[in-house]
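Number 165 in numbering that gives the first Met the number 0 belongs to position 166 of the sequence shown; there are no gaps in the numbering. Every residue, glycine too, gets a C-beta built ideally from N, C-alpha and C. Given the structure is predicted, the values throughout are model-derived calculations rather than measurements.
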Amino acid sequence: MNVPDKRVMLDFGKGCLATLALFLAYISLPLAGFIPGLFAPLPTMYYTLKSGKGVGIAIVLTTSAALVIIANPTITLLYLLQGGVLSVALPHFLLKGWGGTRSIVSSVAICFACLLLIVVLAWQFKGLDINEKVLTGINSSISQSIALYEKSGLKGEDLLALQQGMKQVGGIIGRIYPALTLLALGVIAGLNLQILRKLAGKLNRPLAVAGLNTFRNPDHLIWFVIIPGFTLLVGNADLTTAALNVLVVTLSLYFMQGLAVVVNMFERFSIPGFVRVTFYILLTLQPYLAAALSALGIFDLWGNFRVPRQHKNL
Numbered sequence: 000m001n002v003p004d005k006r007v008m009l010d011f012g013k014g015c016l017a018t019l020a021l022f023l024a025y026i027s028l029p030l031a032g033f034i035p036g037l038f039a040p041l042p043t044m045y046y047t048l049k050s051g052k053g054v055g056i057a058i059v060l061t062t063s064a065a066l067v068i069i070a071n072p073t074i075t076l077l078y079l080l081q082g083g084v085l086s087v088a089l090p091h092f093l094l095k096g097w098g099g100t101r102s103i104v105s106s107v108a109i110c111f112a113c114l115l116l117i118v119v120l121a122w123q124f125k126g127l128d129i130n131e132k133v134l135t136g137i138n139s140s141i142s143q144s145i146a147l148y149e150k151s152g153l154k155g156e157d158l159l160a161l162q163q164g165m166k167q168v169g170g171i172i173g174r175i176y177p178a179l180t181l182l183a184l185g186v187i188a189g190l191n192l193q194i195l196r197k198l199a200g201k202l203n204r205p206l207a208v209a210g211l212n213t214f215r216n217p218d219h220l221i222w223f224v225i226i227p228g229f230t231l232l233v234g235n236a237d238l239t240t241a242a243l244n245v246l247v248v249t250l251s252l253y254f255m256q257g258l259a260v261v262v263n264m265f266e267r268f269s270i271p272g273f274v275r276v277t278f279y280i281l282l283t284l285q286p287y288l289a290a291a292l293s294a295l296g297i298f299d300l301w302g303n304f305r306v307p308r309q310h311k312n313l
């Protein structure tokens with residue numbers, strides 16, 4: 000019988016404690032918990048790469064069991080769908096020598112497939128309409144926000160304009176929440192991968208992960224902009240909703256390519272740090288700048304603004 004050595008057991012213990020602490024902070028702290036929630040998969044990913052897949056799986060299973068005891072099965076399911084599956088899947092593909100983009104896409108696809116499976120099972124065996132519950136939650140959040148503004152003293156035309164604006168935003172979110180869920184998983188995977196890339200030296204294991212400045216989408220992805228774009232002109236509500244979700248995901252990928260072009264220019268021309276920080280702050284505050292980056296990413300398909308030409312990060 001093979002008994003794990005002390006180093007592996009220590010890695011297992013540290014991984015469990017760190018994962019549990021980050022996720023409990025996420026579900027306990029209303030706003031501040033958002034940040035630890037993003038990086039809850041990181042300890043499992045790190046110790047999987049350091050000590051093997053068995054350690055990663057053991058951390059996820061132990062954390063899940065602890066959450067069932069401390070919280071409830073629903074919170075445990077949230078952990079598994081948001082970070083548990085991802086924290087095992089991403090290192091698995093990295094250990095196979097896959098590139099960063101390919102590993103993220105494959106891992107997120109597995110997580111999203113698990114989510115869809117849960118939705119189907121809930122509908123089949125429990126009769127739960129997840130779509131209806133999501134729309135109800137969105138409308139409830141909008142009503143609560145409007146009530147808070149009303150209590151703060153907002154009245155008349157200003158309150159009416161706010162109500163109309165928030166209802167329009169709620170309607171859009173109600174149509175594209177599948178795409179937003181997929182993008183959220185991608186963001187979590189990407190952020191954790193960037194940190195893993197910086198920790199690769201401590202792992203004594205090379206990772207085939209290039210920097211963001213090399214990111215480039217496959218050329219044929221442009222068809223996932225063109226075809227859904229024309230589909231939006233069709234009068235069928237189901238088709239336009241599906242096309243809108245595809246378009247949101249695809250334009251987000253081109254946003255990443257546009258950002259990669261900008262990062263490449265920052266590095267090539269040695270742009271000062273304070274200029275970079277200012278740019279990223281404006282990027283979070285100004286949606287038109289994000290749209291401009293998506294357009295830049297699309298035009299990079301023909302303009303190839305990075306010299307020399309970057310290979311696809313696949």
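- Within its own chain, the residues whose Cβ lies closer than 8 Å to the Cβ of Lys13, once the five positions on either side in sequence are excluded, are Pro42 and Tyr46, listed in chain order.
- In the structure shown, Ile175 falls within a helical segment according to DSSP collapsed to helix, strand and coil.
- Distance from the CA of Tyr176 to the CA of Leu9, rounded to the nearest whole angstrom, comes to 40 Å.
- Arg196 and Val208 do touch by the CB rule: their CB atoms are close to 5 Å apart, below 8 Å.
- Of the candidates Ile145, Phe304 and Pro29, Ile145 places its Cα closest to the Cα of Gly169.
- Inter-residue distance for Glu149 and Leu158 is about 7 Å (C-alpha atoms, whole angstroms).
- Look at Trp122 here: in three-state DSSP terms it is helix.
- Between Leu202 and Leu252, the CB-CB gap reaches or exceeds 8 Å.
- Per DSSP, Asp4 is not a residue of any alpha helix (DSSP H), being assigned neither H nor E.
- Our two residues, Leu127 and Ile137, have alpha carbons roughly 17 Å apart in a direct line.
- With a 10 Å radius around the Cβ and a threshold of 16 neighbouring Cβ atoms, Ile297 comes out buried.
- When DSSP assignments are scanned along the segment 76–155, the uninterrupted stretches of alpha helix (DSSP H) that are 4 or more residues long and fall wholly within it turn out to be 84–94, 99–125 and 129–150.
- Assigned with DSSP and collapsed to three states, Ala241 falls in helix.
- Three or more Cβ pairs closer than 8 Å define a contact, and the segment 50–59 falls short of that threshold against the segment 95–106.
- An exposed status is given to Leu281, since fewer than 16 other beta-carbon atoms sit within 10 Å of its beta-carbon.
- Look at the beta carbons and you see the segment 230–238 not touching the segment 264–282: under three pairs across the two are nearer than 8 Å.
- The continuous alpha helix (DSSP H) containing Thr61 extends over residues Lys52 to Ile69.
- In the structure shown, the three-state DSSP call for Val208 is coil.
- CA-CA distance, Phe265 to Ala70, rounds to 45 Å.
- One thing to note: Phe11 has its Cβ within 8 Å of the Cβ of Ile58.
- When DSSP states are grouped into helix, strand and coil, Pro42 belongs to the helix group.
- For Val262 and Ala199, the gap between their C-alpha atoms comes out near 21 Å.
- With the rule of 3 Cβ pairs closer than 8 Å, the segment 21–41 counts as touching the segment 81–94.
- Of all alpha-carbon atoms in Tyr78, Leu80 and Val7, the one lying nearest the alpha-carbon of Lys49 is that of Val7.
- In the three-state DSSP reduction, Arg215 falls in the coil class, being neither helix nor strand.
- Using a 10 angstroms sphere on the CB of Ala160, the tally of other CB atoms stays under 16, which defines it as exposed.
- Residues of the same chain with a CB within less than 7 Å of the CB of Thr61, apart from the 5 flanking positions on each side, are Cys15 in chain order.
- In the structure shown, Gly12 falls within a helical segment according to DSSP collapsed to helix, strand and coil.
- No Cβ-Cβ contact shorter than 8 Å links Leu182 with Leu258.
- Between Leu250 and Val224, the gap from beta carbon to beta carbon is short of 8 Å.
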